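S.K.:
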Amino acid sequence: DFLALSGCAVQITIGKRNSSLGRMARPSQRLLLDLEFLLLAPECIAYQRRTGEEALAATLEEAWELKREQFPAQIFNATLGSSEYRAFWRTQVPAADYPAATGSALITTLEELNSHARRWLQGDFTADNQGIELLLGKVAGGDGGTLLRALAAQASALAAADQILVARMAGGPLCGPGRRPPAADILDNVVNRFFIGAIQPRAAALNRRYHELLPPITELEQMLDPALPAAYQAWRGRRDAQFAALAEAPRRHVQTLLAIQEPCKRGAPGGR
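First residue of the sequence shown: 13, per the numbering used here; consecutive thereafter.
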């Protein structure tokens, strides 16, 4: 019936969607065709009613309502569930200076896509097809997986250092009353040179990247929450827990350093 529509621009959209190419289209292309349908169908429904085609108008209106109901899931398929967002999360070996060269362009891209999704969910179905595809292409080159790998490597190295420090503390305090061994000065030098001078600045940069990159992702997830598949929700829970645990590694290391150094500070002149 829809292919027999006359006098309606949406007829072309329906034809494209039902063609062999339309049925094999990528999720982003299917989303764009659905946007086109949702935008054009109301005018055709009104036209069919004006020309006395009430049954056809009712059928088309029912199809529009169904598309509208399924629309959040289509946005998910074209964004969070797409190959582009999966590529965003694919783990890559971080560059030695990561995240120094990341910048804000990716954040802007994610926020632009969120803005489009918000507008569509509110009933504005206009879309710049080429612009949407370009934004998704930029997401595919993003560093979500790289960030996760960098945080994991950092956490692993700090955990190994913590094990050494905890083992040393298990043998008794590093310093005692009137006793400050050379190892205490060596530890202070190592902390100042390597942790404060190198590890801490990079840890701060990774933490900033974490707090830049995750908010636009979680914002889109919240917008689409009712449409998120159970498998995605489970993966999101694991991802968030992993990020939270890895981001805590520098703080845990600082606490371990303070614990091993505390007896030395207590015994120093002016110490408690």
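A virtual CB, placed ideally from N, CA and C, is assigned to each residue, including glycine.
Being a predicted model, the structure only gives us computed values, none of them experimental.
Determine the extent of the alpha helix (DSSP H) in which Thr121 is found, giving its start and end residues.
M.R.: That run of the alpha helix (DSSP H) goes 117–133.
S.K.: What's the C-alpha gap between Thr268 and Ala261?
M.R.: Between Thr268 and Ala261, the C-alpha separation is close to 11 Å.
S.K.: Here's a check: name, in chain order, each residue in its chain whose Cβ is nearer than 7 Å to the Cβ of Ala152, leaving out the five neighbours to either side.
M.R.: Correct list, in chain order: Glu96, Ala99, Phe100.
S.K.: From this set, Ala257, Arg264, Gly183, Arg38, which residue's C-alpha is nearest Tyr222's C-alpha?
M.R.: The option with the nearest alpha carbon to Tyr222 is Ala257.
S.K.: Decide if the region 75–94 is in contact with the region 232–242; the criterion is three or more beta carbon pairs, one per stretch, under 8 Å apart.
M.R.: Yes, they touch.
S.K.: Within 10 Å of its beta-carbon, does Ala215 have 16 or more other beta-carbons around it, so buried, or fewer, so exposed?
M.R.: With 16 or more other Cβ atoms within 10 Å, it is buried.
S.K.: Please report the distance separating the alpha-carbon of Ile57 from that of Leu33.
M.R.: Straight-line Cα distance between these residues: approximately 26 Å.
S.K.: Would you call the region 133–145 and the region 44–57 touching, i.e. three or more CB-CB distances under 8 Å?
M.R.: Because the criterion of three Cβ pairs below 8 Å is met, the region 133–145 and the region 44–57 touch.
S.K.: Quick check: what's the CA-CA separation for Leu125 versus Lys150?
M.R.: One C-alpha to the other measures close to 11 Å.
S.K.: Across the region 59–76 and the region 198–206, are there enough close Cβ pairs to call them in contact, namely three or more that are closer than 8 Å?
M.R.: Because the criterion of three Cβ pairs below 8 Å is not met, the region 59–76 and the region 198–206 do not touch.
S.K.: If you compare alpha carbons, which of Arg263, Leu148, Pro54, Tyr110 is closest to Phe207?
M.R.: The shortest Cα separation from Phe207 among Arg263, Leu148, Pro54, Tyr110 belongs to Arg263.
S.K.: Mark Ser40 as exposed unless 16 or more other C-beta atoms lie within 10 angstroms of its C-beta, in which case mark it buried.
M.R.: Label assigned to Ser40: buried.
S.K.: Between the beta-carbon of Leu133 and the beta-carbon of Glu233, is there less than 8 Å?
M.R.: No, these two residues do not count as a Cβ contact at 8 Å.
S.K.: With a 10 Å radius around its C-beta and 16 neighbouring C-beta atoms as the bar for buried, classify Ile24 as buried or exposed.
M.R.: Classification of Ile24: exposed, given that the 10 Å Cβ count is below 16.
S.K.: Rounded to the nearest angstrom, how far is the Cβ of Thr103 from that of Leu160, given a contact under 8 Å?
M.R.: At roughly 6 Å, the Cβ-Cβ gap stays under 8 Å, so Thr103 and Leu160 are in contact.
S.K.: Identify the continuous alpha helix (DSSP H) that holds Thr158 and give its terminal residues.
M.R.: Element bounds for Thr158: 156–182.
S.K.: Please give me, in chain order, every unbroken run of the alpha helix (DSSP H) with length at least 4 that falls completely inside the region 195–256.
M.R.: Runs of the alpha helix (DSSP H) inside the region 195–256: 212–235.
S.K.: Using C-beta distances below 7 Å, list every residue in its chain close to Gly282, excluding the 5 sequence neighbours before and after it, in chain order.
M.R.: Confidence is the limiting factor: at Gly282 the pLDDT is only 47, short of 50, which leaves the residue's position unreliable, though a coordinate-based value still follows. Result list for Gly282: empty, nothing under 7 Å.
S.K.: Report the three-state DSSP secondary structure of Arg102 (helix, strand or coil).
M.R.: Three-state DSSP puts Arg102 in coil, outside helix and strand.
S.K.: Beta-carbon separation of Thr121 and Leu147 under 8 Å?
M.R.: In contact: Thr121 and Leu147 (Cβ atoms closer than 8 Å).
S.K.: Given Gly135, which residues of its chain have a CB within under 7 Å of its CB, disregarding the five upstream and five downstream residues?
M.R.: Excluding residues within five positions, none has a Cβ falling inside 7 Å.
S.K.: Could you tell me whether the Cβ of Asp252 comes closer than 8 Å to any Cβ of chain B?
M.R.: Checking the listed chains, one finds no chain B in this structure; it contains a single protein chain.
S.K.: Measuring straight from C-alpha to C-alpha, what distance separates Met36 and Lys79?
M.R.: If I take the Cα positions, the gap works out to 18 Å.
S.K.: With a Cβ-Cβ cutoff of 8 Å, do His265 and Asp174 count as a contact?
M.R.: The answer is yes: Cβ separation under 8 Å.
S.K.: Starting from Pro189, follow the alpha helix (DSSP H) in both directions and report where the run begins and ends.
M.R.: Looking at the DSSP string, Pro189 is not in any alpha helix (DSSP H), and its letter there is neither H nor E.
S.K.: For the alpha helix (DSSP H) holding Leu92, just list the boundary residues, first then last.
M.R.: Element bounds for Leu92: n/a, residue is neither H nor E.
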